[in-house]
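What follows is the structure, encoded as C-alpha cells:
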C-alpha cells in the first residue's frame, strides 16, 4: 500500500535554530516528491519538487534531500524564523495511475522567540 | 499571473442542507482542477479532479459531487449534508499532473 509517514508529528524549536523534518514513503515507483508548507487555516504552498533522480533541492532557507534507495526524504530549515511556524507536508506522486498524490499527515513546527 | 479564488472561507450548515462551494482560476487556460478535503491531523484526501469542462473523476464515493461548467470554474456540491462532511475543503489547480499544485485558501465547513 502506498504510504507517506512523517516524523516527528510536532516540533518546537527556538527562533534562529535549525531543524530537520523526516519523510519515509513506500510509494514505488514514483515520479516526484514534494514538500509543502501549510499555515493554519490556509492552503498548502509548494516549497520544493524533486524528481526521483534528484538528491537535493533548495528554496531559500529550505533544503530538501531525497534518498530513493532508502525511500527517505528530509526537509532542513536553516536559521528558523517565527514565520516558519506551520505544518510541513511531504507528498509523493506515483509514477503511474491517475492524478492521485499520496499525502503525509504533516509535521507541525512551532518556532518560539 | 495565475490566481485561484475559493469561497466562502467559513461555512456552518445544518445536517440535511445543500452545499455549494465555488472555485475559480484566473490567468491560465485548461487547468487541471482538484477538490481536496483535510481532516484534522490527517493528510489531504483527493475528492474529485477534472482535466476539462464537464470531465469529472471521483476518487472517493461519498455524499458529494463536483461539476466544471466552465474552463476555470470548479464547483463542489451536496444535496444533503451529513455530520461527517465537516472538514477543511481545498481547491487546487495545476498545469499538468506532474507539476506543482496551487491551492486556494480553503473553506472550513462545519455541519451541525
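Chains as they are written, first to last, in this note's numbering: chain A, 22 to 134; chain B, 4 to 115.
Just so it is clear, CB atoms sit at the ideal spot from N, CA and C, and this is done for glycine as well.
Contact under 7 Å by Cβ, residue i with residue j
i: residue 125 of chain A; j: residue 25 of chain A; result: yes
i: residue 82 of chain B; j: residue 11 of chain B; result: no
i: residue 73 of chain A; j: residue 113 of chain A; result: no
i: residue 132 of chain A; j: residue 95 of chain A; result: no
i: residue 91 of chain B; j: residue 16 of chain B; result: no
i: residue 93 of chain A; j: residue 23 of chain A; result: no
i: residue 108 of chain B; j: residue 55 of chain A; result: no
i: residue 5 of chain B; j: residue 94 of chain B; result: no
i: residue 54 of chain B; j: residue 86 of chain B; result: no
i: residue 47 of chain B; j: residue 63 of chain B; result: no
i: residue 87 of chain A; j: residue 76 of chain A; result: yes
Distance cut-off 6 Å: residue i Cβ against heavy atoms of the ligand HEM
i: residue 105 of chain B; result: Summarising the ligand content, the structure contains no ligands, and the ligand HEM is consequently not present.
Same chain, Cβ closer than 8 Å to residue i, five either side skipped, listed in chain order
i: residue 40 of chain A; result: 32, 34, 97, 98, 101 and 130
i: residue 78 of chain B; result: 23, 24, 25, 26, 69, 70, 71 and 72
i: residue 59 of chain A; result: 65, 66, 107, 108, 109, 110 and 127
Range covered by the beta strand (DSSP E) that runs through residue i
i: residue 63 of chain B; result: Looking at the DSSP string, residue 63 of chain B is not in any beta strand (DSSP E), and its letter there is neither H nor E.
i: residue 57 of chain B; result: Residue 57 of chain B -> no beta strand (DSSP E), and no H or E assigned at all.
i: residue 66 of chain A; result: 66-72
i: residue 114 of chain A; result: 107-115
i: residue 26 of chain A; result: 25-28
i: residue 84 of chain A; result: 83-88
i: residue 55 of chain A; result: 51-59
i: residue 38 of chain A; result: It is not in any beta strand (DSSP E) - residue 38 of chain A carries neither H nor E in the DSSP assignment.
i: residue 121 of chain A; result: Taken as a continuous stretch (DSSP letters only), residue 121 of chain A belongs to no beta strand (DSSP E), as it is neither H nor E.
i: residue 133 of chain A; result: 128-133
i: residue 94 of chain A; result: 93-98
i: residue 47 of chain A; result: Element bounds for residue 47 of chain A: n/a, residue is neither H nor E.
Cross-chain neighbours of residue i in chain A, by beta carbon under 8 Å
i: residue 57 of chain B; result: The contacting residues do not exist; residue 57 of chain B stays about 17 Å from chain A at best.
i: residue 29 of chain B; result: Within 8 Å Cβ-Cβ: nothing; residue 29 of chain B doesn't reach chain A, min ~16 Å.
Beta-carbon contacts of residue i that lie in its chain and below 6 Å, excluding the five residues immediately before and after
i: residue 13 of chain B; result: 111
i: residue 34 of chain B; result: 28 and 96
i: residue 36 of chain B; result: 53, 77 and 96
i: residue 38 of chain A; result: 101
Chain-ordered chain B contacts of residue i [CB-CB under 8 Å]
i: residue 126 of chain A; result: 44, 45 and 46
i: residue 31 of chain A; result: By Cβ distance, chain B contributes nothing, its closest Cβ being about 10 Å from residue 31 of chain A, past 8 Å.
i: residue 67 of chain A; result: 103, 104 and 105
i: residue 43 of chain A; result: Simply none; closest approach about 15 Å.
i: residue 82 of chain A; result: Within chain B, no residue comes near residue 82 of chain A; the closest Cβ sits about 19 Å away, beyond 8 Å.
Interface partners of residue i on chain A, CB under 9 Å
i: residue 111 of chain B; result: 62
7 Å Cβ cut-off: residues of chain B touching residue i
i: residue 49 of chain A; result: Going along chain B, no residue has its Cβ under 7 Å from residue 49 of chain A, so there is no contact; the nearest lies around 17 Å.
i: residue 70 of chain A; result: 103
Same chain only: Cβ atoms within 7 Å of residue i, ignoring 5 sequence neighbours per side
i: residue 89 of chain A; result: 73
i: residue 56 of chain B; result: 71, 73 and 74
Partners in chain B for residue i, counting only beta-carbon separations shorter than 9 Å
i: residue 102 of chain A; result: By Cβ distance, chain B contributes nothing, its closest Cβ being about 22 Å from residue 102 of chain A, past 9 Å.
i: residue 93 of chain A; result: The premise fails here: residue 93 of chain A is roughly 18 Å from chain B at the closest Cβ pair, so nothing lies under 9 Å.
Closer than 7 Å at the beta carbon, the chain A residues around residue i
i: residue 51 of chain B; result: The premise fails here: residue 51 of chain B is roughly 10 Å from chain A at the closest Cβ pair, so nothing lies under 7 Å.
i: residue 152 of chain B; result: The shown model of chain B, from 4 to 115, leaves out residue 152 of chain B, and the question about it has no answer.
i: residue 24 of chain B; result: Going along chain A, no residue has its Cβ under 7 Å from residue 24 of chain B, so there is no contact; the nearest lies around 13 Å.
* To do: Please go through the region 64-105 of chain B and give each complete alpha helix (DSSP H) segment of 4 or more residues, from N-terminal end onward.
  => Taking only runs of at least 4 residues, no alpha helix (DSSP H) segment lies wholly in the region 64-105 of chain B.
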